[in-house]
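Data block below; observations after.
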Amino acid sequence: MTETKDHKAGFVNIIGRPNVGKSTLLNALMGEKLAITSSKAQTTRHRMFGILNEPNYQIVFSDTPGAIDPAYKLQEKMMGYVQTALEDADVILFMVALEDKNDYPQLIEMALRANAPVLFLINKTDQNKGSQTFDKTTYWKELYPELEIMTISALEQNGTEVLLNRILELLPKHPKYFPEDELTDKSERFISAEIIREKIFLNYQQEIPYSSEVVVTSFKEEDKIIRIDAEIYVERNSQKGIIIGKKAESIKKVGMEARKDMEAFFGKKIHLQTFVKVEKDWRKDDRKLSRFGY
Ligand code: GDP
Ligand code: MG
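Start counting the sequence shown at 0; every next residue gets the next number (numbering that gives the first Met the number 0).
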């Protein structure tokens, strides 16, 4: 069928410091289009996951919470984190606000070296004074001539339709990653596992994040709370000790941070239990396939 052949799908990761407007953009991009499917029961869930479905495309947005968190100034951590976000992406949205200056040059350079195309978004253009938007576009263009710059106001939904069309042009031909009208348990588990994985990247050094895998073994949604069990796999006993930390402080921190993000993401209270396990050869499994639940 031609519909299948021409179907586009991919992962679009939004990177940027906190408060730059990532979540606002996500809502703006999802909002209009989702009206089409709003009669379906699962609509709000789609919105939470940031999966935009149309007959001929599916965009899986991820709003990398905390990508550039001042609490984690250590370069290597930021780099490690952003590296994964970049590797997973088909299109990268690198967002700055109108007032921002070139505070994260390493991150921009890293994004530009990634395999995926980068759209550099200057957000909050509704706050423009005089020729500020024009001046800032010139400023960034002079710093990084190769950047594809777009100016938007996520809040007032200015430029968001143009942005969406550009994303679609860049999106690869691919079948849907997730069922279109009903997000399965798998997708929720996938997102939950990704959030935990992100916290592992932010909280541990060197090889630990790369030696860890997260599997959500139980995801139970009740009226007012979602109960999630997750297993964190590492390759050696010593790594298990590091993950857990003194008096279990490290794993508690990971759990707390993950829970906070999950609550924002799912819009519900979360009860999260984590279990750390040693699994020598997990890396031999095909990570990507298992993560998508295939
Ligand atoms: P995030 O941390 O990057 O996800 O940022 P949020 O989407 O939560 O936005 C942070 C703040 O910036 C909120 O108060 C938003 O209302 C505001 N904001 C986001 N986009 C815009 C915009 O285009 N214009 C203006 N004026 N404010 C915005
Ligand atoms: Mg946000």
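Ideal placement from N, C-alpha and C gives every residue a C-beta, glycine not left out.
**Asked** Could you give the distance in angstroms between the alpha-carbon of T273 and the alpha-carbon of N236?
**Response** 16 Å
**Request:** Can you have a look at R196 and say buried or exposed, based on whether 16 or more other CB atoms are within 10 angstroms of its CB?
**Result:** buried
**Prompt:** S191: which of Y203, Y209, K219 and P208 sits nearest, CA to CA?
**Reply:** K219
**Prompt:** Between K135 and the rest of its own chain, which residues show a CB-CB distance below 7 Å, the 5 nearest in sequence each way excluded?
**Reply:** L97 and I121
**Pairwise C-alpha distance: L51 and N301** = It is not possible to answer for residue 301, since the shown part of the chain is limited to 0 through 293.
**Those residues which DSSP pairs with N12 across a bridge** = S61 and I91
**Message:** Let me check you understand the geometry: is the CB of A153 closer than 6 Å to at least one non-hydrogen atom of ligand 1?
**Reply:** yes
**ligand 1 heavy atom lying under 6 Å from the CB of Q126** = yes
**Prompt:** Assuming I151 and T124 make a contact with CB atoms under 8 Å, what is their CB distance in whole Å?
**Reply:** 6 Å
**Asked** What is the residue span of the beta strand (DSSP E) that D228 lies within?
**Response** I224 to V233
**Asked** Are the CB atoms of P171 and G49 nearer to each other than 7 Å?
**Response** no
**Message:** Is G9 close to ligand 1? I mean its beta-carbon at under 6 Å from any heavy atom of the ligand.
**Reply:** no
**Message:** Taking the alpha carbon of V117 as the reference point, which residue from E86, M255 and N127 has its own alpha carbon closest?
**Reply:** E86
**Asked** Can you list, in chain order, the residues of its chain whose CB lies under 6 Å from that of T132, leaving out five sequence neighbours each side?
**Response** T124 and T150
**Request:** Report the option in M261, N157 and I207 whose CA atom is closest to the CA atom of D228.
**Result:** M261
**Item:** Limits of the alpha helix (DSSP H) - the one that F265 falls within
**Value:** E248 to F265
**Request:** Would you mind sorting S130 into buried or exposed? The rule is 16 or more other CB atoms within 10 Å of its CB.
**Result:** exposed
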